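Engineer: Below: one structure in structure tokens.
2 protein chains.
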Amino acid sequence: MQTTIKGLLQKNGSKIVFLVMDGLGGLPYKGIIERSAGGTEGPFAGPDGRFIGKTELEAAHAPNLDKLAVLSACGLHIPVGPGITPGSGPGHLGLFGYDPLKWEIGRGVLEAVGLGLEVKKTDIAIRCNYATIENNVITDRRAGRPSTAKMLKVTERLQKEIPEIDGVKFIYGPGMEHRFAVIMRFPEALSPEAAMVNDSDPQMEGKAPLPLIPKHPKAERTAAITRKFIGRVEELLKDSHPENYILVRGFSTHPRLPSFLEAYGLRALAIASYPMYRGLARLIGMEAPDFEGSFEEEIEYMKANWNDYDFFFIHFKKTDSYGEDGNFAEKVKKIEEADKALPCILALKPEVLVITGDHSTPAVMKGHSWHPVPAMLHAPYVLGEVTEGFSERQCLKGELGIIPSVALMPLALANAGRLKKFGS
Amino acid sequence: MQTTIKGLLQKNGSKIVFLVMDGLGGLPYKGIIERSAGGTEGPFAGPDGRFIGKTELEAAHAPNLDKLAVLSACGLHIPVGPGITPGSGPGHLGLFGYDPLKWEIGRGVLEAVGLGLEVKKTDIAIRCNYATIENNVITDRRAGRPSTAKMLKVTERLQKEIPEIDGVKFIYGPGMEHRFAVIMRFPEALSPEAAMVNDSDPQMEGKAPLPLIPKHPKAERTAAITRKFIGRVEELLKDSHPENYILVRGFSTHPRLPSFLEAYGLRALAIASYPMYRGLARLIGMEAPDFEGSFEEEIEYMKANWNDYDFFFIHFKKTDSYGEDGNFAEKVKKIEEADKALPCILALKPEVLVITGDHSTPAVMKGHSWHPVPAMLHAPYVLGEVTEGFSERQCLKGELGIIPSVALMPLALANAGRLKKFGS
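What follows is the structure, encoded as structure tokens:
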């Protein structure tokens, strides 16, 4: 479908805004307990009786969202496929029109991006664990699960001591506990074969680390440099304990997704306070400055950059965070916060405003879920007056129907007047 | 899907009617202005206050359509894909069950068909422009945009003077202004490779016409004969000005779509007053006599031929024409006209009657659009009593859901009792 779309693109001065309220979709509070065939009671927070039977969106007092939904095309979208719970990566890829089943992002790249590192076409990204080794046997694959703070210092030391090997730059992304990511930045662009190196992690204690074997001639240099890297780290940490070794996994190159500019002719700006979302946005060629601030400040930032871009991805994180915590009441509050800021977005008069999530995170499930995500597309040429507000149940009645997430971008482009007619 | 369907076909005496109201789908009148975030006012016709907030179908007084919709399976269909605005060719292909993304029709064939020429499997169709050439440089690619009437005479002269070259017949289709189409009818059926010849149009003035180069051995004869053709035309027009040359583009053969009879076992009759729709129908093996007449006369013609066919495609053009003009009130009237004639169709008691459009042409957009098209399928075995009338918003509630256009033919066949069980 992206190929067809590309052939139909035309330019105009229109602006498209995607407001992504992370993990927006939800499920009814408590209702799940009373209705559950198994009758199991979930231990989730929020004692307020007025929520019973309502989803987070239904429970929220969100007059701006509700009013806008009436004037918009509404529906629900499925990020990956029926029953499939997406991670944030596939969720956002789908929203932006990249089929998450087609465009798999390597584990190393995903980890690096998630830690806020930028991955370029010259890079190989790997996931690393601090581990404990004795007589060439891994005795602890996680080096005793050390504290994040302690390991941050170790990783900073690696960055200082091993910034480069044989002309390849090493860029470190400290992670949680024993985890970190490494970018090996080569002088030239790499093909995917350069990452065809196995994990060194034997996946169980009591074994030697696996030797790194290139599976393709183009991966020989990658394997050789990584061996040197592991040796240098081992030398550097030889007096440390328990973190005296590293295991490497998930060698991967830039996924070479077509950029937003290539795919849609759109200059795109991503405004997100969390590094992972910026990293994902950069993988598809969006500008994604290291922005930190409140949602209101995100909108201000969009306003300040309004003339320089065609597409704005503005990310609202907290709906997902409280969903993951199982905190129904706080997720409701966050929806209400976003609702209050909505007029500031509308004041910019984008031709197309899409409001949705990258996936559902029902507070009652304390995690991402497979449920279709409510969405509204506000633009001049919609039917409208089909739904009475913005919620999962209202969106079910909507004119968009239940669609794959990848359908949203073509619809946004069409509504922005950016697609020519197909055939005569 | 067509392969699966083909394996399930069974014959019976049932009749299927597709009433295609061209560009049927619409959008609310004026409401669009009040709702638009951008606030831009569209310059469309129709001052009637009672239309505000209603689509063309909602504004029409169409009691027969509304009553029938209650007794039918209703829904909306998407011709090509989300956000994609179809031309009439892809729109009709989809309706008839041919995936428009799979079955692309060559530009030359589409032009020829649009001008009412029949394209056979022995043919190569090309688009031609009258142009001005001086010292082998194209000085005007459109020969000064001459009048259609003037060029009609020139094209008639070509038909008379160059009816054949080396055993290949030349059939001319006069077009608008400088445009015309040519069918080269060879003595034998051609494979698609025979059309692998580049355009001679250099796409800009001040350049020489491009030499015709066959891209496949099977295209050598095509290129040679076309070179002779261009030479003959140049000789004939050498004293004319500014139209003293022709540029050729879009070499293409019959798209070799499976015929309606092959695909569905249906003897099909197309009744359409516009040449383009007859041409499209002929491409899929429908009989399409050169019929001209009112909608009532189209229905009379169908009645007169009722016993000789299994499938009837009856085309109602004016809904699209007034939509394209932005004339909301007249599009409403045309729907009301069709509504009045509906009982004459019902009196024939077809087993299946599908009423829909090939795409949407909202008057407020003055053109084709990507919006799903309302449809009703009237047949004995439907749920019914799901919708309260025939409109975009009513169809959203319908039992068909929002489906790709290519789903309509299998549904029609099933409802006509023409499909066996799949598996045991």
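Residue numbers (my numbering), protein chains in the order written: chain X, 12 to 435; chain Z, 12 to 435. Glycine included, every Cβ here is placed at the ideal spot set by N, Cα and C. Since this is a predicted model, take the numbers as computed values, not measurements.
(1) Can you name, in chain order, every residue of its own chain whose Cβ lies under 8 Å from the Cβ of residue 93(X), other than the five neighbours on each side?
(2) Quick one: using the 10 Å Cβ neighbour count with 16 as the cut-off for buried, is residue 297(X) buried or exposed?
(3) Determine the direct distance from the alpha carbon of residue 342(X) to that of residue 335(X), and round the result to whole angstroms.
(4) For residue 99(Z), which residues in chain X fall below 9 Å Cβ to Cβ?
(5) Which of the three DSSP states is assigned to residue 145(Z) in this structure?
(6) Considering only the beta carbon of each residue, do residue 143(X) and residue 127(X) sit closer than 8 Å?
(7) Flag residue 76(X) as yes if its beta-carbon sits less than 8 Å from any beta-carbon of chain Z, otherwise no.
(8) Using a beta-carbon distance cut-off of less than 9 Å, what residues from the region 368-391 of chain Z approach chain X?
(9) By the three-class DSSP mapping on this structure, what secondary structure does residue 318(Z) have?
(10) Give the list of continuous beta strand (DSSP E) stretches no shorter than 3 residues that lie fully inside the region 96-166 of chain Z.
(11) Which residues, in chain order, does the region 91-124 of chain Z contribute to contact with chain X at a C-beta distance below 9 Å?
(12) Would you mind telling me which residues of chain X sit closer than 8 Å to residue 185(Z), beta carbon to beta carbon, in chain order?
(13) Could you name each continuous beta strand (DSSP E) segment of 3 residues or more that falls completely within the region 350-420 of chain X, going from the start of the chain to the end?
(14) Would you kindly check if the distance between the Cβ of residue 409(Z) and the Cβ of residue 397(Z) is under 8 Å?
(15) Ends of the alpha helix (DSSP H) at residue 66(X)?
(16) Going residue by residue through the region 217-261 of chain Z, where are the continuous alpha helix (DSSP H) segments of at least 4 residues, counting only ones entirely within it?
(17) Candidates 123(Z), 344(Z), 161(Z): which alpha carbon is nearest residue 193(Z)'s?
(18) Reducing DSSP to helix, strand and coil, say where residue 422(Z) ends up.
(19) To the nearest angstrom, report how far apart residue 247(X) and residue 166(X) are at their CA atoms.
(20) Strictly under 8 Å for the Cβ-Cβ distance: is residue 395(X) near chain Z by that measure?
(21) Taking the beta strand (DSSP E) that residue 195(Z) falls in, what are its first and last residues?
(22) If the criterion is Cβ atoms closer than 8 Å, does the pair residue 213(Z) and residue 220(Z) meet it?
(23) Exposed or buried, residue 345(Z), counting other C-beta atoms within 10 Å across all chains shown (16 or more means buried)?
(24) Would you please verify whether the beta carbon of residue 404(Z) is less than 8 Å from any beta carbon of chain X?
(25) Short check: CB of residue 27(X) to CB of residue 362(X), under 8 Å?
(26) Using DSSP with H/G/I as helix, E/B as strand and the rest coil, what is residue 302(Z)?
(27) Could you name the residues of the same chain whose beta carbon sits closer than 7 Å to that of residue 431(X), not counting the 5 residues immediately before and after it, in chain order?
(28) Comparing the C-beta of residue 13(X) with each C-beta of chain Z, is any distance below 8 Å?
(29) Pick helix, strand or coil for residue 338(Z), following the three-state DSSP scheme.
(30) Quick test of your reading: residue 162(Z) and residue 188(Z), contact by CB under 8 Å. State the CB separation rounded to the nearest angstrom.
(31) With distances taken from CA atoms, which of 328(Z), 114(Z), 304(Z) is nearest residue 264(Z)?
(32) Give the straight-line distance between the Cα atoms of residue 386(Z) and residue 373(Z), rounded to the nearest whole angstrom.
(33) How far does the alpha helix (DSSP H) with residue 74(X) in it extend, from its first residue to its last?
(34) Residues in its own chain within less than 7 Å of residue 101(Z) by CB, not counting five upstream and five downstream?
(35) Kindly indicate the opening and closing residues of the alpha helix (DSSP H) around residue 207(X).
(36) Mind checking who residue 28(X) pairs with in its DSSP beta bridge?
Structural biologist: Taking the geometry as given:
(1) 381
(2) buried
(3) 9 Å
(4) 434, 435
(5) strand
(6) no
(7) no
(8) 373, 375, 376, 378, 379, 380, 381, 382, 383
(9) helix
(10) 134-145, 148-151
(11) 91, 92, 93, 94, 95, 96, 97, 98, 99, 100, 101, 102, 104, 111, 112, 115, 116, 118, 121, 122
(12) Neighbours of residue 185(Z) on chain X: none; closest Cβ ~17 Å, over 8 Å.
(13) 363-367, 384-389, 412-415
(14) yes
(15) Taken as a continuous stretch (DSSP letters only), residue 66(X) belongs to no alpha helix (DSSP H), as it is neither H nor E.
(16) 231-247
(17) 123(Z)
(18) helix
(19) 11 Å
(20) yes
(21) 190-196
(22) yes
(23) buried
(24) yes
(25) yes
(26) coil
(27) 19, 21
(28) no
(29) strand
(30) 7 Å
(31) 114(Z)
(32) 15 Å
(33) 74-81
(34) 90, 91, 111
(35) Here residue 207(X) belongs to no alpha helix (DSSP H), and DSSP marks it neither H nor E.
(36) 323(X), 364(X)
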